[in-house]
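Novice:
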Amino acid sequence: MSNSLPSQTPTCNNVEKSPNELPKARFWEAMGICQWEGFWFEPGLVKPAITFRSTFQARDDDVLLASTPKTGTTWLKALCLCIMHQNQEHDILTVENPHFHVPTIESTIYSTKPQKADLYDASAPRLLHTHLPHAVLPDSVKNSACKIVYIARNPKDTLISMWHFFNSIFRPNQEPFPLEKAVDCFCDGVYQYGPFFEHVVDYWQESQKRPEKILFLRYEELKTDPEGQVSKIAEFLGGHLGVKQRLRRLLRGAVWRGSRIWR
1 MSNSLPSQTP
11 TCNNVEKSPN
21 ELPKARFWEA
31 MGICQWEGFW
41 FEPGLVKPAI
51 TFRSTFQARD
61 DDVLLASTPK
71 TGTTWLKALC
81 LCIMHQNQEH
91 DILTVENPHF
101 HVPTIESTIY
111 STKPQKADLY
121 DASAPRLLHT
131 HLPHAVLPDS
141 VKNSACKIVY
151 IARNPKDTLI
161 SMWHFFNSIF
171 RPNQEPFPLE
181 KAVDCFCDGV
191 YQYGPFFEHV
201 VDYWQESQKR
211 PEKILFLRYE
221 ELKTDPEGQV
231 SKIAEFLGGH
241 LGVKQRLRRL
251 LRGAVWRGSR
261 IWR
């Protein structure tokens with residue numbers, strides 16, 4: 001596969017698709033969302049997602065992390081960062097937080113105002129993240145040798161985490177959004193990057209078809225067996241953690257700190 005890439009990250013200004021033409025809904029009475037390709041998105045993310053799908057050129061050594069929101073995204077970023085930089089003398093997480101090192105493609109790189117324009121100049125292997133469903137990933141991701149690590153979480157815990165996060169951002173000085181309404185919207189799949197079950201099942205099915213391509217993780221197993229799951233991630237990414245002391249050092253640096261600070 002050719003790795004020749006344009007010198008700059010493309011913008012989404014030339015994509016012929018308007019969110020105004022898509023079905024619309026309100027997410028928990030706070031923000032508008034629109035439906036594209038069977039999933040719900042913030043309107044400002046539709047064109048970036050389309051641009052990502054149509055222009056991104058994956059490299060065979062890329063690692064793409066994927067998740068639906070509030071399922072352990074930051075934790076997964078921290079773990080993979082530590083695994084892929086385990087031979088460095090300094091702890092990479094002391095420099096910046098995981099979201100700085102592992103950008104979420106559709107909301108940073110391909111947004112109308114890109115926050116990180118050096119995607120194509122990044123050294124290999126590139127570690128990236130997306131909340132997008134598998135169905136809309138670029139063909140270059142699906143057809144190349146790049147690897148995908150997906151993390152899923154119990155839907156009830158995902159919803160409650162999302163509900164607390166939402167209230168802290170959108171209703172800090174108000175009564176929380178009614179939980180009963182939140183449950184109804186979640187079950188109907190009408191929230192950002194929903195429906196939940198379709199998102200999870202699509203990645204799970206693909207991981208069954210191509211286990212060498214997609215590693216499907218469960219948040220709960222990462223909590224109950226962090227050593228085993230981190231070793232599994234490292235092996236999937238083509239490496240190993242060696243002695244137990246190194247594994248435990250990584251866990252102290254990413255797993256326990258991640259579970260305490262990054263939800």
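Numbering (full-length UniProt numbering), first residue to last: 1 to 263. All C-beta atoms in this analysis are idealised placements derived from N, C-alpha and C, irrespective of residue type, glycine included. No experiment lies behind these values; they were computed from the predicted model shown.
Using the three-state DSSP reduction, which class does Thr74 fall into: helix, strand or coil?
Specialist: Correct three-state label for Thr74: helix.
Novice: With a threshold of 16 other CB atoms inside 10 Å of the CB of Leu179, please say whether the residue is buried or exposed.
Specialist: Label assigned to Leu179: exposed.
Novice: With Leu179 as the anchor, note down where its beta strand (DSSP E) starts and where it stops.
Specialist: It is not in any beta strand (DSSP E) - Leu179 instead sits in the alpha helix (DSSP H) that spans 179 to 188.
Novice: From Glu29, Asp60, Thr68, Glu21, pick the residue whose C-alpha is nearest to that of Leu159; which is it?
Specialist: Comparing Cα positions, the closest option is Thr68.
Novice: Can you give me the start and stop residues for the alpha helix (DSSP H) that Pro170 sits inside?
Specialist: In the sequence as displayed, the identity of residue 170 is Phe instead of Pro. Element bounds for Phe170: 155 to 170.
Novice: Expressed to the nearest angstrom, what Euclidean distance is found between the alpha-carbon atoms of Pro232 and Pro138?
Specialist: Per the sequence shown, residue 232 should be read as Lys rather than Pro. Their Cα atoms are separated by approximately 26 Å.
Novice: Report all residues from its chain with a CB closer than 6 Å to the CB of Leu222; omit the five preceding and five following residues, and keep chain order.
Specialist: Correct list, in chain order: Gln229.
Novice: Out of Arg59, Ala58, Pro23, Ile148, which has the shortest C-alpha to C-alpha gap to Glu42?
Specialist: Minimum Cα distance to Glu42 is reached at Pro23.
Novice: Quick check: what's the CA-CA separation for Leu127 versus His134?
Specialist: Their Cα atoms are separated by approximately 17 Å.
Novice: With a threshold of 8 Å, are at least 3 pairs of Cβ atoms found where one atom belongs to the stretch 181 to 198 and the other to the stretch 119 to 126?
Specialist: Contact between the stretch 181 to 198 and the stretch 119 to 126 is absent, because fewer than three Cβ pairs lie under 8 Å.
Novice: Based on Cα-Cα distance, which residue from Asp157, Ile50, His164, Thr74 lies nearest to Ile109?
Specialist: Here the closest residue by C-alpha is Ile50.
Novice: Under 7 Å, Cβ to Cβ, is there at least one residue of chain B near Lys24?
Specialist: Any reference to chain B falls outside this structure, which holds one protein chain only.
Novice: Between which two residues does the alpha helix (DSSP H) holding Arg53 run?
Specialist: Here the alpha helix (DSSP H) through Arg53 covers 46 to 55.
Novice: How long is the line joining the alpha carbons of Glu37 and Pro98, rounded to whole angstroms?
Specialist: The straight-line gap from Cα to Cα measures roughly 29 Å.
Novice: For the stretch 148 to 168 against the stretch 69 to 76, are there 3 or more C-beta pairs whose distance is under 8 Å?
Specialist: Cβ pair count under 8 Å is three or more, so yes.
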